[in-house]
Structures are given as structure tokens and as C-alpha cells.
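See structure below.
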Amino acid sequence: MQLCECGGRNSERKRKRNMMMLCLVFLVIFIAFFIKFLTADGDFTLLSKGKVKREEIEDKVVWVTGASRGIGEILAKQLASLGAKLIISARNEAELQHVKQQLTGKYAPRDVMVLPLDLTSGEKSLRVAVEKAESFFGAAGVDYMIHNAAYERPKSTALDVTEETLKATLNVNVVGPISVTRMLVPYMLKRGRGHLVVMSSAAGKTPAPGQAVYSASKFAVNGYFHTLRSELCHKGIKVTVVCPGPVETTNTRTGSTERRVSSERCAELTIVAATHGIKEAWISYQPVLAVMYLVQYMPSVGYWLMEKIGGKRVEAAAEKGNTYSVNLLFDKKEG
Ligand SMILES: NC(=O)c1ccc[n+]([C@@H]2O[C@H](COP(=O)([O-])OP(=O)(O)OC[C@H]3O[C@@H](n4cnc5c(N)ncnc54)[C@H](OP(=O)(O)O)[C@@H]3O)[C@@H](O)[C@H]2O)c1
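Numbering (our numbering), first residue to last: 7 to 341.
Next comes the structure, spelled out in C-alpha cells:
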């Protein structure tokens, strides 16, 4: 009888010990996961992919818009070094020529095609650009279209946006890329393959106080390109929508305290996303990344947070302060 009681106590102790071990393992995993999340510069699916797949880019024809500066210029540099056959576009031809001379790679700088393009120039002129792009490189056709060019005005409230800003933003960010896509994709469909990479924004996933029209333009491209994929993915058309938060470019290096992902890292992660066929990728440090997760998976909490931040972010932008600071949640103003 005593032996039986003793055995029972031992197995109870063993069970408790096992439970404690299990809790400890879960705690360690949770802490590791939390630290990874705090220090992440992209969403978990994207970061889990690791490196760029060079074989998906080498010898492919890649057309990049907005390649004269900023993220587009860095994208062009990285794509050239991966052995892509590049077509680079923007309005300013002299700047494009300057970028071309900086490129190095299997086909760069000699065979890089400079294709000046104004996304607001209308259907006829965009059709000519698409036909030219298709005819370069022995009429190989465009394998990757990277819609990177965009227009953004300084931050203002949703009501202060002028008619001119509204139209200019929507024309460059939405109408132009959609028109080019409508003209280019039929060629891709004939070949049975083609990949559209769209540089959207975190502002296309969450409210972006002070950037209402820019945010509207990015929500619009997200809607168009995700829908296009749903219609054409069975015919060989791939779409990767990239949503970066704040990125450091030559335009943004102003000594602000905002923490931004470098253009180099943003371009690298964009190419990782495209070469791994990811449908949507988020690139950002905290707290923007956390807000994106909240708005996606717990929208009531996410929208509540954005309501707390809203007016203060517009004020912070006017004072050239940190528009991505957690302190915007509290009454304290950021310097
Ligand atoms: N920087 C960020 O923090 C950030 C964050 C999230 C998302 N993004 C997105 O990433 C992309 C690149 O941003 P960025 O900061 O590198 O931009 P950027 O430095 O302002 O460069 C914009 C590019 O677009 C071109 N462009 C402007 N208007 C055009 C038009 N009408 N037709 C054709 N090209 C035109 C510009 O060249 P021309 O003036 O010579 O035409 C330039 O090459 C954009 O889609 C942006 O929305 C940026």
C-alpha cells in the first residue's frame, strides 16, 4: 500500500517537472520569437526565404521605372550585378544615363537600355514605350516589370490636399502603372510567363495620417494588382506587391530621427520577394511593422491606434519631427 502511494507521488512529481520543462521551452521560444519580431526589418515569410535566387534574375529582361534615383536606382544596381538585362525608365534622361554609367554586371553598363518615360503622358505614348521595351534585347520581351516610380507631396491633412496634388498623385501612382500593365501583359500572356513587381507602401496597408492621397493611391494599386493576379495566375502571370515602411533614400537623408530601412536592404528584400514568388512582402522596422500586423490581423486595435496617432503625426510632419515614433501615441511631442 505504502509502495503504491510512493509510486503515485513520484509520478505526480515527474508530471509536474515535465509540465515545467514544457512551459520553459514555450517561454524561451516566445522570447526568441519576440526579440526576432522587435529587431525584424520585414515580415516573417519574407525573412524566412533568406537569399535572392540569382537564377531567377540572371539573363532575364527586367524593366524598372523610377530608376533615376532613390530605391529604383539601387534596385537597378543590384539587378545589374545579378546579371539582369536592364531597361531603366524615369522622365529625366540625363539622370538615367548617369545611373547607367554606374551599373556593373554581365550586361552593364553597355547593354542597359535607357527608356525615358512619363507615366502621365497618356495611352499613345505609353504604348510606344511598351513596344520599345518589348523590342529590346532581340525582342526577348519583358520578363519582370518593376513598377517603382511614384509621386508624393509633403504631408498635409486629408482635407488640405489640392486638386492638383490629387490628380498628379493618382496619375503617376495608379493610372500610369495600370495603363502600362494593360498594354504589357498581353505580350507576357503570349509567352505564357511574366512577373509584375509593384512597389507599394505600408501606407497601402494601414491608414497613413498626413498622406491620405498617397495612401489611397497605394491601396488602389494593391487592389488592382492582387486582383489581376487572381485572374491571370493560371496563365503564367505572377505578381509581387512590396509594401515598405520608411526607407532611407537620398531624398530622406535630412538628419531626421526617423529610423528607416536602407535603400540597399529594401532593394535586396524586394528582389528576394520577387525571386521567391512571394505575393505580398512587408519591409520595415518597428513600430511600423507591428502596426501593419495589427491592422491586418486585429483591425479594430490597429485602427484605434491610428486614431490616437492621427492629428499628432500631421503636426510632427509640419515640425519636421519623427513621424514614425511610438511617442505619437502619448501626448509628448517628438523632436
Ligand atoms: N522612400 C520611402 O520611404 C518609401 C516608403 C514606402 C514606399 N516607397 C515607394 O518606393 C518607390 C520609390 O520611392 P523613392 O523614395 O525611391 O522615390 P523617389 O526617390 O521620389 O523617386 C521617384 C522616381 O520616380 C520617377 N518618377 C516620378 N514621376 C514620374 C513620372 N511622372 N513618370 C515616370 N517616372 C516618374 C522619378 O524620376 P523622374 O523625376 O526623373 O521622372 C524617380 O526616379 C515609390 O513607389 C514609393 O512610393 C518609398
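Even glycine gets a Cβ: it sits at the ideal position worked out from N, Cα and C.
Note that this is a predicted model, so its numbers are computed, not measured.
Open item on the list: So, does the segment 67-84 touch the segment 292-312, judging by three or more C-beta pairs under 8 Å?
Closed with: no
- [ ] Round the Cβ separation of glycine 198 and lysine 244 to the nearest angstrom and send it over; I've been treating them as touching at under 8 Å.
- [x] Going by Cβ atoms, the distance from glycine 198 to lysine 244 rounds to 12 Å, so no, they are not a contact pair.
TODO: Measure the alpha-carbon distance for glutamate 169 versus alanine 323 and round it to whole angstroms.
DONE: 21 Å
Task: isoleucine 93: CB within 6 Å of a non-hydrogen atom of ligand 1 - done: no
Task: Selection from Val181, Ser269, Lys20 and Leu190 that minimises the alpha carbon distance to alanine 226 - done: Val181
Task: Through-space distance from serine 131 to glycine 341, alpha-carbon basis - done: For glycine 341, the predicted model reports a pLDDT of 40, less than 50, meaning its position is unreliable and no value from the coordinates is stated.
Open item on the list: Buried or exposed for serine 17, going by 16 or more other Cβ atoms inside 10 Å?
Closed with: exposed
Task: Beta-carbon proximity check, glutamate 310 vs aspartate 49, cutoff 7 Å - done: The sequence given here places tryptophan at residue 310; glutamate does not occur at that position. Cβ distance not < 7 Å, so tryptophan 310 and aspartate 49 don't count as in contact.
TODO: Would you grab the beta carbon distance between serine 95 and leucine 121 for me? Rounded to a whole angstrom, and I think it's under 8 Å.
DONE: 5 Å
- [ ] Indicate whether the contact test is met: 3 or more Cβ pairs, each with one atom in the segment 148-162 and one in the segment 195-210, closer than 8 Å.
- [x] yes
- [ ] Check whether the Cβ of aspartate 47 lies closer than 6 Å to any heavy atom of ligand 1, and answer yes or no.
- [x] no
- [ ] Evaluate the contact criterion for the segment 41-48 versus the segment 111-126: three or more CB pairs, one atom per stretch, below 8 Å.
- [x] no
TODO: Name the residue from Gly316, Ile284, Glu158 and Ser185 whose alpha carbon lies nearest to the alpha carbon of threonine 212.
DONE: Gly316
TODO: Express the C-alpha separation of leucine 85 and leucine 195 in angstroms, rounding to a whole number.
DONE: 24 Å
- [ ] Have a look at serine 236 and leucine 190 and give me their C-alpha separation to the nearest angstrom.
- [x] 17 Å
Task: Unbroken stretches of the beta strand (DSSP E), 3 residues or longer, contained in the segment 212-298 - done: 243-250 and 286-289
Open item on the list: So for isoleucine 63, helix, strand or coil by DSSP?
Closed with: coil
Open item on the list: Buried or exposed, going by whether 16 or more other CB atoms sit within 10 Å of the CB of asparagine 328?
Closed with: buried
- [ ] State yes or no: is the C-beta of isoleucine 277 within less than 7 Å of the C-beta of threonine 246?
- [x] no
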